[in-house]
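Plus 1013 on top of the position in the sequence shown (first one is 1) and you've got this note's numbering.
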Amino acid sequence: MPTGATIIAGALSGLQSMLIDKGLEPAALGRQSGVPVDAWQDAHFEIPLYAFVEIYEHGAAMLGQPGIGWQSGPRLDLHDLGELGEALLTASTVGSALRTFERFIKFIQSETDLQLTVEDGVATLTYRILNPDIWPRRQDAEFTLSVLTELIRRGAGPNWQPDLICFEHTAARPLSIWAETAGSFCLFDCETNALSFPEKVLSASMPRDSGGGHRNALASLSEALANKARTKSLTARTRTAIYEGLGAGTSDQEAVARRLGLSRRSLHRHLGEEGLRFSTLLDDCRYRIARHALVDTSHSLAQIAFELDYSDQTAFERAFKRKTGMTPKQYRQSYGRTPAR
1014 MPTGATIIAG ALSGLQSMLI DKGLEPAALG RQSGVPVDAW QDAHFEIPLY
1064 AFVEIYEHGA AMLGQPGIGW QSGPRLDLHD LGELGEALLT ASTVGSALRT
1114 FERFIKFIQS ETDLQLTVED GVATLTYRIL NPDIWPRRQD AEFTLSVLTE
1164 LIRRGAGPNW QPDLICFEHT AARPLSIWAE TAGSFCLFDC ETNALSFPEK
1214 VLSASMPRDS GGGHRNALAS LSEALANKAR TKSLTARTRT AIYEGLGAGT
1264 SDQEAVARRL GLSRRSLHRH LGEEGLRFST LLDDCRYRIA RHALVDTSHS
1314 LAQIAFELDY SDQTAFERAF KRKTGMTPKQ YRQSYGRTPA R
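Right under this line is the structure:
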């Protein structure tokens, strides 16, 4: 069983359908990307998340279809997501379904953050893989937002479109083509992946409202998720909690301990038993995200400093130079893209 970030094989069903339609053998493409053969026979089989992301990137290149991620979303059968799929299908409203997805996405995909927020009458769904070492992940982001769009359409109607779609990656096709494909205004090179739409959509009724079925599915998911969390080391859970808090101002030790259900003192003591300090983990998480942002994005240094919860750009530059012996600007010039102006 994979020890890093994972996703259940059922999430591959949409891509599998497209590959078969094109006369390709999914298992053959999977071998090139690190997807085990068993993944194609068992929807509950856990595969490395990096392999899931990679097979989508390889599939897009092999088929010459840069939009394969978005196109495969509607083909995903929610039943292939197991108990989470059942909970989504039996929710009473769009809002209930999305809150369920938000709460339990880690049941099917670890090291991932999905959040639903509402402000001034606008609902926003944000999605991101927390592990910065899994990149590029263009197709994964497009696939996931497409799946979320299809889920909302179950209640809002088949022609529903979000008002705005944001992606963290750069556009592979002209924006005019993207707007035509997605049916919505799209932005790229954003801080995260997101869908925005009117808050009233959350009240739309879902077609398979089943209060008892939904409650039973939630109870089962809660137990399974708790059991899954207990198998992870505190170091791994702390790292994930730090990633979740960075950029939101909640990556300090007090906030991370609270997210893990511990006191600050208990977190300090238990990490010490695993031979680590919180500050070491925080520094490492910040460095890994900074390295990715400098190499793979055009975010400005000030924006990266903000995303990493540094007090200002100067503090970020000092910390990065202590770690690498190079300033962020020098590192980007050596390995990365041209910075944003």
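Quick reminder that beta carbons are idealized off the backbone N, C-alpha and C, glycines included.
Chain-order list of residues whose beta-carbon lies under 8 Å from that of L1314 (same chain, five-residue window excluded): For the purposes of this step, residue 1314 is identified with residue 301 of the sequence shown, where counting begins at 1. Beyond the five residues adjoining it in sequence on each side, L1314 comes within less than 8 Å, by CB distance, of Q1326, F1329, E1330, P1341, K1342 and P1352 in the same chain, given in chain order.
Own chain residues within Cβ distance below 7 Å of L1076, not counting five before or after: Numbered from 1 along the sequence shown, position 63 holds the residue referred to as residue 1076. Once the five neighbours on either side are set aside, the close Cβ partners of L1076 are K1035.
Cβ shell of A1184 (< 7 Å), same chain only, five flanking positions each side left out: On the sequence shown, position 171 is the one that residue 1184 refers to. Counting only Cβ-Cβ distances below 7 Å, and skipping sequence neighbours, we find W1191 and F1201.
For A1136, the three-state DSSP class (helix, strand or coil): Here residue 1136 refers to the residue found at position 123 of the sequence shown. Shown here, A1136 sits in a strand according to DSSP, grouped into three states.
Inter-residue spacing [alpha-carbon to alpha-carbon] between F1180 and D1146: One-based indexing of the sequence shown puts residue 1180 at position 167. One-based indexing of the sequence shown puts residue 1146 at position 133. Between the alpha carbons of F1180 and D1146 lies a distance of about 18 Å.
Whole-number beta carbon distance between L1158 and Y1140, since they are thought to touch under 8 Å: Taking the sequence shown and counting its residues from 1, one reaches residue 1140 at position 127. Taking the sequence shown and counting its residues from 1, one reaches residue 1158 at position 145. Confirmed, Cβ separation roughly 7 Å.
Close beta carbons around P1175, own chain, < 7 Å, minus the five adjacent residues each side: The residue labelled residue 1175 in the question sits at position 162 within the sequence shown. Excluding residues within five positions, the ones whose Cβ falls inside 7 Å are T1162, S1197, L1208, S1209 and F1210.
Rounded straight-line distance, which links the Cα of T1125 to that of K1119: The residue given as residue 1119 occupies position 106 in the sequence shown. The residue given as residue 1125 occupies position 112 in the sequence shown. Their Cα atoms are separated by approximately 7 Å.
Three-way DSSP call (helix, strand, coil) for M1014 in this model: For this step, residue 1014 is matched to residue 1 along the sequence shown. Bear in mind that a pLDDT of 40 at M1014, under 50, signals an unreliable position, so the model cannot answer this.
DSSP three-state assignment for F1198, whether helix, strand or coil: Here the question's residue 1198 lines up with position 185 in the sequence shown. If DSSP states are grouped into helix, strand and coil, F1198 belongs with the strands.
Buried versus exposed call for Y1348 [16 or more other C-beta atoms within 10 Å across all chains shown]: For the purposes of this step, residue 1348 is taken as the residue at position 335 of the sequence shown. With fewer than 16 other Cβ atoms within 10 Å, it is exposed.
Cα-Cα separation, Y1323 to A1261: Position 310 of the sequence shown, counting from 1, holds the residue named residue 1323. Position 248 of the sequence shown, counting from 1, holds the residue named residue 1261. Y1323 and A1261: Cα-Cα distance of roughly 11 Å.
Cβ-based neighbour list, G1338, same chain, cut-off 7 Å, excluding 5 preceding and 5 following: Along the sequence shown, one-based indexing puts residue 1338 at 325. Excluding positions up to five away in sequence, the list is empty.
Same chain, Cβ closer than 7 Å to R1359, neighbours up to 5 away in sequence not counted: The structure shown does not extend to residue 1359, since the chain is modelled only from 1014 through 1354, so no value can be given for it.
Simplified DSSP state of L1097, which is helix, strand or coil: Residue numbering aside, residue 1097 sits at position 84 when the sequence shown is read from its first letter. L1097 falls in the helix class under three-state DSSP.
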